[in-house]
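Protein chains in written order, with this note's numbering: chain L, 1 to 294; chain Z, 295 to 695. Using N, Cα and C, we set each Cβ at its ideal position, and we do this for glycine too.
Here it is as structure tokens:
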């Protein structure tokens, strides 16, 4: 069962001056064709994705005195707490850079993942009234949360830049790797977000389990420690976490000036390449009856 | 050229109901049952045509609307939509209270499928139509409900679709704004927009639509000119539509409800202020020494518009075993225009103990009659200015004298 829609543009002479799109709505059936038709429709609605993202960012900081400053406060506070616990109390190694900078480099990509996933997973359910009244490609809702979280991430990067200047840590050419790293992260989050938000429509358990899941997941990723601290016998299992490759490589290329660990990154790329199309197809398949069950 | 086509469209809803609790959490204790909201529905709407869809509550009207606007998908069949379709369903969908009016125009407009550039070019016109220019840059949470609704409708009215779906949206805002909305819709229709109008308001269907469709229990019962279909519609609710089963276990039952006009002819359509009489037939299975009969006039949203009852007149009805009947008469019908579903009850006089509650045993439609307003008050009048003048004159004479 899956939604099948075709958008065909008839020749101009038939349709008159303004082209009329012909839309055929059929019962859900399974075919990979929806991947293409879905994307075509998503492209048509791209302005909505932009508007909704803008809306999320605006609403979050409206009527708060600190405004956008809140995007800085949270990673800053986490950095302080982790530095006190893991550097002053527990004396974690930090590979030649100050631990506060080291942990901040883990917090930033992780926070993006955490915020994007938790907000996008509940994104559909919190828009029930909209979903039952207006049609638009539903994936725009979880996507807009991912985009808004990405915006917050970019703002929070100001702290990183300031800290690097303060500690005189320079950038190398390796920093160019952050483009593919972030692309992979966005793709992976979008895929998981689509899956989770579609599950959440039927089983509200996802929303309840999310904080626990994210907390456990964080300690399975090299956020407060380094990948090289993981005992060798666990590594083959450990590297299966797609977030490990993203967080570790972000830190490597930004502050350590090393090239990306391509084996780790490869796992993340593979995970994103599987999860995103599958998540999208599952989501579109569920979309057909979403308004009936939500 | 066809604007939209339904081909053998059926829609099934899975009703998941918990046997012990209404919470959806306990999935193990749930059972499923199917409900077919639409069965094998076929119809076509030509380009530029306006089609009205009428039917009682639960007939499948909203399902048709949901399928047309692509909110839901059919279980069977095929829907072809030729052109851009917009629904004026819920005005103000997608508004966020914290955002300003202007920001909400962009948000709501994009949700309804407009491009940003398109919204920018229509922004002035949208604000103008809604009449909220001084307030456009304050958060809509500070808007009055009237301003909120006007802005919502104004955005939707600027969609310029090829096909427009209309629900009961004409009832927004004040009288002047409603007129503006009606003009706007008429203008769109003149420009060749195809209309699908789903409503309980038979007068509106009659005046707006060229063709009508009657749905009953998910099937198309009649199709044709609005007058013809509306006549069928008001006939469908009566007893002749359902099998008459007498049940010996019950104390008494209502077996017929018939409406008559001033000439004593059976009728289902009246005008406000018309004389009306109603005959209720009942069958008592047991002797009810002190019974009473009531008639409820229910609006389309199931509110009680009026009640007629024998219990107010003091004398109880002595219902002997077997059939009997009661006739109510009303010199001037006070109901406002609309469709009313009739429920009839038999109860123990002066108590709330009901022997029988017959749902939807008839329906009538009321058209605009003697006066305007939300209800009709019987009234008489006489000229008094002359007498009043005489009185003043004699009073003045009394003072002077």
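Subject >> C-alpha gap between residue 28 of chain L and residue 579 of chain Z, whole angstroms >> reply: 52 Å
Original post:
What number of angstroms, rounded off, separates the C-alpha of residue 193 of chain L from the C-alpha of residue 39 of chain L?
Top reply: 17 Å
Original post:
Which stretch, first to last residue, makes up the beta strand (DSSP E) that contains residue 490 of chain Z?
Top reply: 488 to 492
Original post:
Closest by CA to residue 612 of chain Z, which one among Z/601, Z/585 and Z/636?
Top reply: Z/585
Subject >> N-terminal and C-terminal residue of the alpha helix (DSSP H) that residue 376 of chain Z is part of >> reply: Element bounds for residue 376 of chain Z: not the alpha helix (DSSP H) but the beta strand (DSSP E), 370 to 376.
**OP:** Kindly indicate if chain Z contains any beta-carbon less than 8 Å away from that of residue 102 of chain L.
**Re:** no
Subject >> For residue 446 of chain Z and residue 420 of chain Z, the rounded distance between their alpha carbons >> reply: 9 Å
Original post:
What are the start and end residues of the beta strand (DSSP E) that includes residue 649 of chain Z?
Top reply: 648 to 661
Original post:
Interface residues of chain L around residue 619 of chain Z at Cβ under 9 Å?
Top reply: Within 9 Å Cβ-Cβ: nothing; residue 619 of chain Z doesn't reach chain L, min ~46 Å.
Original post:
Given 8 Å as the limit, is there contact between the region 274 to 286 of chain L and the region 490 to 502 of chain Z, that is, 3 or more CB pairs closer than that?
Top reply: no
Original post:
Can the beta-carbon of residue 479 of chain Z be found less than 8 Å from the beta-carbon of residue 496 of chain Z?
Top reply: no
**OP:** Could you tell me which residues DSSP pairs with residue 578 of chain Z in its beta bridges?
**Re:** Z/546 and Z/616
Original post:
Between residue 426 of chain Z and the rest of its own chain, which residues show a CB-CB distance below 7 Å, the 5 nearest in sequence each way excluded?
Top reply: 395, 441, 444 and 445
**OP:** Would you mind telling me which residues of chain Z sit closer than 8 Å to residue 288 of chain L, beta carbon to beta carbon, in chain order?
**Re:** 366 and 367
Subject >> Three or more C-beta pairs below 8 Å linking the region 146 to 159 of chain L and the region 297 to 312 of chain Z >> reply: no
Original post:
Among residues of its own chain, excluding the 5 on either side of residue 624 of chain Z, which ones have a beta-carbon nearer than 6 Å to its beta-carbon?
Top reply: 570
**OP:** Would you verify that the beta carbon of residue 407 of chain Z is, or is not, closer than 8 Å to some beta carbon of chain L?
**Re:** yes
Subject >> Straight-line Cα distance separating residue 22 of chain L from residue 375 of chain Z >> reply: 6 Å
**OP:** Please list the residues of the region 116 to 145 of chain L that have a C-beta atom closer than 8 Å to any C-beta atom in chain Z, keeping them in chain order.
**Re:** 129, 130, 131, 132, 133, 134, 135 and 136
**OP:** Could you say if the region 198 to 207 of chain L and the region 112 to 122 of chain L meet the contact criterion of at least three C-beta pairs nearer than 8 Å?
**Re:** yes
Subject >> Same chain only: Cβ atoms within 6 Å of residue 187 of chain L, ignoring 5 sequence neighbours per side >> reply: 272 and 276
Subject >> Contacting positions in the region 451 to 463 of chain Z - beta carbon closer than 8 Å to chain L >> reply: 456
Subject >> 9 Å Cβ cut-off: residues of chain Z touching residue 148 of chain L >> reply: Result: empty, since nearest Cβ-Cβ is about 14 Å, beyond 9 Å.
Subject >> Residue(s) in a DSSP beta bridge with residue 601 of chain Z >> reply: Z/590
Original post:
So what's residue 22 of chain L in DSSP terms, helix, strand or just coil?
Top reply: strand
Original post:
Between the beta-carbon of residue 116 of chain L and the beta-carbon of residue 189 of chain L, is there less than 8 Å?
Top reply: yes
Subject >> alpha helix (DSSP H) segments (min. 4 residues) lying fully within the region 72 to 124 of chain L >> reply: 99 to 121
Subject >> Where residue 45 of chain L sits in the DSSP three-state scheme >> reply: coil
**OP:** Measure the C-alpha to C-alpha separation of residue 316 of chain Z and residue 341 of chain Z and round it to an integer number of angstroms.
**Re:** For residue 316 of chain Z, the predicted structure reports a pLDDT of 38, less than 50, and the residue's modelled location is therefore unreliable. A value from the coordinates is still provided. If you take the alpha carbons of residue 316 of chain Z and residue 341 of chain Z, they lie about 46 Å apart.
Original post:
By the 10 Å Cβ neighbour count, where 16 or more other Cβ atoms means buried, how is residue 664 of chain Z classified, buried or exposed?
Top reply: exposed
**OP:** Kindly indicate if chain L contains any beta-carbon less than 8 Å away from that of residue 354 of chain Z.
**Re:** no
**OP:** Mind checking which residues open and close the alpha helix (DSSP H) that includes residue 719 of chain Z?
**Re:** There is no way to answer for residue 719 of chain Z, as the model of chain Z reaches only from 295 to 695.
Original post:
Just to confirm, does residue 72 of chain L get its C-beta within under 7 Å of one of the non-hydrogen atoms of the ligand ATP?
Top reply: This structure lacks the ligand ATP, and indeed carries no ligand of any kind.
Original post:
Whose C-beta lies closer than 7 Å to the C-beta of residue 388 of chain Z among residues of the same chain, with five residues either side of it excluded?
Top reply: 401, 402 and 405
Original post:
Using a C-beta cutoff of 8 Å, does residue 370 of chain Z count as contacting chain L?
Top reply: yes
Original post:
What number of angstroms, rounded off, separates the C-alpha of residue 321 of chain Z from the C-alpha of residue 200 of chain L?
Top reply: Note on residue 321 of chain Z: pLDDT 42, under 50, position unreliable in the model; no value is reported.
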